[in-house]
Amino acid sequence: MLIILLLVVFMIGTFFGFMFIKNTIAHWLVGGISFLLLAGSVAMLTMHIRDNWGMKEVTTSTTHQIYTAGDKSAPYGMMIKAEIGKNTDNYVFVYRNNEKSEKADTNFKPDEKHISEAVKKSATYKLVDDTKATVTTKTTRRVWSSDFYKLLFSVGGEQNELVKQNSVVSVPKDTWLVLTQDQVKKLSQEAPAMQKQMEAQLKADPQKAAQLAALQKSNPTEYAKMQVKQIKQLLGITE
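For what it's worth, my numbering labels the leading residue of the sequence shown as 25, then goes sequentially.
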């Protein structure tokens, strides 16, 4: 940090100028200029510490597709949510980041070992009129405004310091389910009975069974919408 060296030099210059130089003009010239430079250096250091002067914020954005946390053979997608705290609109989500993954991933779980960074991160979701689920992450970091400021103030670790990170998961409103752990548990308990009821209805109405089979092949999206609607009714989901 060059600013510390400058503070020492200007402090010595101020002390030497006022205490040891007897010539009046030189006394005030050396001491006065050194004092002004010292005061300016203190002011710059204060602004850097308080307001991050000499740095700027840079925001980057990334988007990638995500995949169901549930059965990969199901016609609809599923994401599991767990809110962090109460009414925070900040969540941990479970879904697959890779379509071929056997197990779903836990995403945006706060890192308790680095809590100072964890509090700068948040994740939420929104229901969209689309067919694919995606997650968009916007990350804001501090970087040096120029090499001059880096030379002047850098002590290491400040470059790319995280300011904030916000992730938004966009979930298709008609073909995906966003469930809590309790809803997932209820669905797993109710699903067998619902499946048996559906099979009985289709067995009693072969024409309807043929129509559903044809719909599943010809229009998977509409078939998924139908499944999602039935499950939402079962779980009492109104969103």
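Think of the CB as a built atom: it goes at the ideal place given N, C-alpha and C, for glycine as much as any other residue.
Expressed to the nearest angstrom, what Euclidean distance is found between the alpha-carbon atoms of L201 and A248?
Taking the straight line joining both Cα atoms gives about 10 Å.
Alpha carbon to alpha carbon, how far is H72 from N114? Give it in angstroms, no decimals.
If you take the alpha carbons of N114 and H72, they lie about 31 Å apart.
D171 by DSSP, collapsed to three states: which one?
D171 falls in the helix class under three-state DSSP.
Among A106, K133, V195, which one has its Cα closest to the Cα of D206?
If we check each option's Cα against that of D206, A106 comes out closest.
Would you be able to state if there are at least three C-beta pairs under 8 Å between the region 169 to 180 and the region 77 to 86?
Yes, they touch.
Measuring only the C-alpha atoms, how far is W135 from Y100?
As written in the sequence, residue 135 is Asp, which differs from the Trp given in the question. When rounded, the distance between both Cα atoms is 31 Å.
For the alpha helix (DSSP H) that E246 lies in, which residues bound it at each end?
Where E246 is concerned, the enclosing alpha helix (DSSP H) stretches over 244 to 259.
With three or more C-beta pairs closer than 8 Å as the rule, is the region 81 to 101 touching the region 132 to 148?
No contact exists between the region 132 to 148 and the region 81 to 101.
Run through the region 35 to 122 for me and flag every whole alpha helix (DSSP H) of 4 or more residues, listed as ranges in chain order.
You should have 48 to 75.
Please list, in chain order, all residues of the same chain as K145 whose beta carbon is under 6 Å from its beta carbon, the five residues on each side excluded.
Closer than 6 Å at Cβ, skipping near neighbours: Q189.
Just verifying my parser: in three-state terms, what is the DSSP assignment at P134?
Reduced to three states, the DSSP call for P134 is coil.
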